[in-house]
Amino acid sequence: MTDRTNINNLKQRVLIVDDELEYCLSMKDLFEESGFSCSHSTDPDMVLDLLKSCEIDIILLDLKMPRMSGIDLLKKIRVYNSRIPVIIVSGHIDIETTVQAMQIGAMNVLKKPVRFSSMLEEISCILKPHSEVSDTLLPLVSDSPIICSHKGMLDIIYSLKKVAETNAPVLITGESGTGKELIADEIHRLSQRSDKKFVKLNCASLPESLLESELFGHKKGAFTGADKDRPGRFNTAHKGSMFLDEMGDMSLMIQAKLLRVLQDSQVTALGADEPKSVDVRIITATNKNLQQMMSDGTFREDLYYRLSVVHFELPPLRERKGDILLLAEAFREQACREYGRQIRGFDSEVENLLLSHLWPGNIRELKNCVQRSVIFCENDLISIEDLPAQYKDIPSRGWSDEYERAIDNINKELIEEALRKSQGKKTMAAELLNMDRKTLYNKMKKLNIRD
Ligand SMILES: Nc1ncnc2c1ncn2[C@@H]1O[C@H](COP(=O)(O)OP(=O)(O)OP(=O)(O)O)[C@@H](O)[C@H]1O
Ligand SMILES: [Mg+2]
């Protein structure tokens, strides 16, 4: 990666992706005169390599390029790095593409020609809020396996590195399949304990007595069948981290023993006289409502406060709609690699269905759905027929009313602006909007726009 002490690298770097070399070069001059570093590429296929080889702060992306559309390239960029800001700059903006681009996480869509001063303003606005934190975030950004663009999730990811560096216990809550274990893995991976053991135990998978000896260990003869000494998982995890999954299923008796470990950093094996010191970082997860359990008396309040020094609540997928297509795209690429298939994407009917489904099984369900679709896909684009049976029966709910209204508003603004620019001449306005006259008439009628 780039050497950040080099004065040149303190400048923010813009990447311009446009098939017109002239445009790239003139923009490059303007950006460099304004104090930015600037790279350009006229070949969409080269962009990922460029992103891998140098640190880019923002990308300006054309839509219409030979071989690969800006939208397809944006999807690829998002799979590689879900956070780098991208602005679409194109001469041909239509509503569907604008909406699609925003859904895949474009920060804005600008119509060429754009005044350079407005572009600079836009870029400074986007880059400013992150500039203070970007130094600590950047190392995380490119190699994190966590894909997201949702604000709440990004906040969590941005804080992971800081949290990982401490030994504070972390509690991760959220519905099934929201990525709790993935976050736990990241905390261990980013911590200084990463070269030590990361022991995982599912508290719901064992009956109380077995869980007890599994966690704390036992001495020979401690109970019938204990024919030799056995170290517990806490001993195995010494100097490393431990992930206790389904924490809400732990009995009150084991909760009490665990509390003692957290208080004294000491573990007493079953049947042992002396406790042993352990140094273990504890990460716990549950999809149960611990607040409710505390008021019901089934979860100890004192333990809760010990475990939740840092608490991450992961939002369900239905509340992070912006992540759905990003994740689907990443899982498609992953599955294609794994199963040796060449499938370039999802048709728009499938995309609408993915966006409108409520995903009760969250990201795990989406991953499963995409993997199976890749296996059964007959062509190079996943269509409704390729989805597992349960999804084929869901009628696509299409856009919500709110969404339709937002699209209508954008449409109306664009058309009115084109009519103003063309001084009311519809042929010219239609040309500016990249649509035929008839479509323009129909849209004007639908949107109540007067001549
Ligand atoms: N943000 C994400 N980016 C990429 N993959 C993700 C993301 N979140 C979850 N996944 C994937 O989704 C699957 C489910 O995630 P995980 O096992 O971490 O969920 P969980 O919350 O622990 O579920 P459960 O409550 O059922 O144990 C895993 O394959 C994981 O890699
Ligand atoms: Mg889990």
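Residue 270 in our numbering is what sits at position 196 of the sequence shown, and the numbering runs on without skipping anything. For every residue, glycine included, the Cβ atom is placed at its ideal position computed from N, Cα and C.
Between residue 495 and residue 501, the alpha-carbon positions lie close to 12 angstroms from each other.
Comparing alpha carbon positions, the residue from 312, 379, 293, 434 closest to residue 333 is 379.
According to DSSP, residue 112 shares a beta bridge with 88. Among the bridge pairs identified by DSSP, residue 135 is matched with 91, 162. For residue 359, there is no enclosing alpha helix (DSSP H); the enclosing beta strand (DSSP E) covers residues 355 to 360. For residue 441, the uninterrupted alpha helix (DSSP H) run begins and ends at 436 to 450, by DSSP. For residue 185, the uninterrupted beta strand (DSSP E) run begins and ends at 182 to 185, by DSSP.
A check of alpha carbon separations from residue 346 across 330, 363, 311, 306 identifies 306 as the nearest. The C-beta distance from residue 322 to residue 391 rounds to 21 angstroms, too long to fall under 8 angstroms, and the pair is not in contact.
The shortest C-alpha to C-alpha distance from residue 218 to any of 234, 185, 295 is the one to 234.
Beyond the five residues adjoining it in sequence on each side, residue 510 comes within less than 8 angstroms, by CB distance, of 504 in the same chain, given in chain order. At a Cβ-Cβ threshold of 9 angstroms, residue 414 and residue 403 do not count as neighbours.
Non-local beta-carbon contacts of residue 153 in its own chain, meaning distances under 8 angstroms to residues more than five positions away in sequence, involve 221, 400, 403, 404, 407 in chain order. Per DSSP, reduced to three states, the secondary structure at residue 118 is helical. Judged by their CB atoms, residue 252 and residue 436 are nearer to each other than the 9 angstroms cut-off.
In the DSSP annotation of this structure, the continuous segment of the beta strand (DSSP E) that includes residue 319 starts and ends at 315 to 319. Relative to residue 453, the option among 486, 431, 416 whose CA is nearest is 416.
At a threshold of 8 angstroms, residue 252 counts as near ligand 1, since its beta carbon sits closer than that to one of the ligand's heavy atoms. In the structure shown, residue 297 adopts coil according to DSSP, grouped into three states. The Cβ atoms of residue 130 and residue 124 lie closer than 9 angstroms to each other. For residue 342 and residue 176, the gap between their C-alpha atoms comes out near 56 angstroms. DSSP, read as helix, strand or coil, puts residue 310 in helix.
Residue 245: member of the beta strand (DSSP E) spanning 244 to 247, first to last residue.
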